[in-house]
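Using the working numbering, read the sequence shown as starting at 3 and increasing by one per residue.
Notes for the one structure printed next.
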Amino acid sequence: MRNLDVAVLRAFVTVAETGSMTGAAEVLNLTQGAVSQQIKRLETAFGCGLIERARKGLRLTQNGEQLLRKAQRMLLLNDEIWQDMTGAGHVGKLTVGIPYDLVGTFMRTPLRKFCDHYPGIELSLRCHSSQELRSMVNSGEIDIALVEEPVGEMTGDFLKIAPLVWVGAKSGKAQTKRPLPVSLVSRECAFRPAVIDALDQAGIAWRSVFESGNIEATAATVRSDLSITAFLVGTIPDDLEALGRDDALPELPKFAISLMEKTGAHNEVRDVFAEMVRTHFHQL
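Here you go:
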């Protein structure tokens, strides 16, 4: 009986999810040639093409689409087995940094699950901007952090790509005003350069309404229709809404959610947390 190489399957799934060999190589920390060779190994083993070139990057063949669904399930099972078999008995302390907008959204479930699965680990949480969290990881102040970065500028371990979109009050009018009233969490907000660049490129005059360092206060100004803001898809508060093309606003870029770990000595507790986070994001 033939056995599948999980590493090769992971390369295939990553190419499918990122849409390019280059993107997959960055995520997997491999060369582009190494990723290409893994895809060729898989195609040779199955005797059929899985990926083909398209006008905009790569796309899956019919066989590739069929394989993708099952490969994703196999990787999830592989990751869950590792997690379950190595989870018992871990003790220690871990300081985790998470951007404000991810704590109660993408990270709500893994944080709760981690605390339930590993009661012997004392988890401390630090919420700051991605820029601040990156500095805190590099200085050794925290053990691990999630950061939000423009696609193509990733410095961490890739977890997910999410579109950045304009957000306003439901049935609001703020997006029609000029200069455009904009609220962002702080001057260090990861989205601020992208928002300003998009508005400047589109020739739209804007003004800053609120930059408090508090995401709830920022959302409150938007909720009151005093301004609009930008959120990643998947993090938009239920009482706000994404603005569409009809609102005459420029398209915003996609952002990557990545995992950054403190360099230095091996940290088993940190590795356990990182693996749980990766498994969670692969399931999204």
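Virtual Cβ for every residue (Gly too), placed ideally from N, Cα, C.
Quick caveat, the model's predicted, so the values are computed rather than measured.
- Under the three-state reduction of DSSP output, GLY59 falls in the strand class.
- Straight across, the Cα-Cα distance linking LEU261 with HIS282 is about 13 Å.
- In the displayed model, CYS129 falls within a strand according to three-state DSSP.
- Per DSSP, reduced to three states, the secondary structure at PRO195 is helical.
- Per DSSP, the continuous alpha helix (DSSP H) segment holding GLU270 begins and ends at 270-285.
- With a cut-off of 8 Å on Cβ pairs, the region 150-170 is not in contact with the region 201-211, counting fewer than three such pairs.
- If you look at ILE146, you'll find it isn't in any alpha helix (DSSP H); it sits in the beta strand (DSSP E) that goes 146-152.
- In the DSSP assignment, THR24 falls within the unbroken alpha helix (DSSP H) covering 23-30.
- Taking the Cα positions, LEU135 is about 25 Å away from THR223.
- Non-local beta-carbon contacts of ILE238 in its own chain, meaning distances under 8 Å to residues more than five positions away in sequence, involve VAL167, VAL169, ALA244 in chain order.
- Separation of THR107 and ALA232 (C-alpha to C-alpha, rounded to the nearest whole angstrom) is 15 Å.
- Taking the CA atoms as reference points, GLN64 sits about 7 Å from LEU52.
- In the pairwise beta carbon analysis, the region 12-23 is classified as touching the region 69-80: at least three pairs are separated by under 8 Å.
- In this structure, LEU201 and PRO252 form a Cβ contact; the two beta carbons are roughly 7 Å apart against a cut-off of 8 Å.
- PRO165 sits in a strand when the DSSP states are folded into three classes.
- Assignment of beta-bridge partners to SER173 by DSSP yields no partner.
- Within the DSSP bridge table, the entry for TRP208 names LEU182 as partners.
- Under the 10 Å beta carbon count, ASP81 is surrounded by 16 or more other beta carbons and is classified as buried.
- Annotation: the continuous beta strand (DSSP E) that includes PHE257 extends over 256-263.
- Burial is judged here by how many other beta carbons sit within 10 angstroms of a residue's own beta carbon; PRO195 has fewer than 16 and is exposed.
- Bounds of the alpha helix (DSSP H) holding VAL37 are 34-48.
- With contact defined as three or more Cβ pairs closer than 8 Å, the region 260-279 and the region 93-105 are in contact.
- Assignment of THR220 by DSSP, reduced to helix, strand and coil, places it in the helix class.
- Going by DSSP, GLU253 is part of no beta strand (DSSP E) at all; its letter is neither H nor E.
- Beta-carbon to beta-carbon, THR24 and GLN34 are separated by about 6 Å, close enough to satisfy the 8 Å threshold.
- With a minimum length of 4 residues, the unbroken runs of alpha helix (DSSP H) contained wholly in the region 70-131 fall at 102-105, 110-119.
- In this structure SER188 does not touch SER141 by the C-beta definition: roughly 19 Å separates them, more than the 8 Å allowed.
- Per DSSP, GLU19 is one residue of the alpha helix (DSSP H) stretching across 8-20.
- Taking 8 Å as the cut-off, the Cβ atoms of ILE198 and LEU182 do not count as close.
- The three-state reading of DSSP puts ASP240 in coil, since its state is none of H, G, I, E or B.
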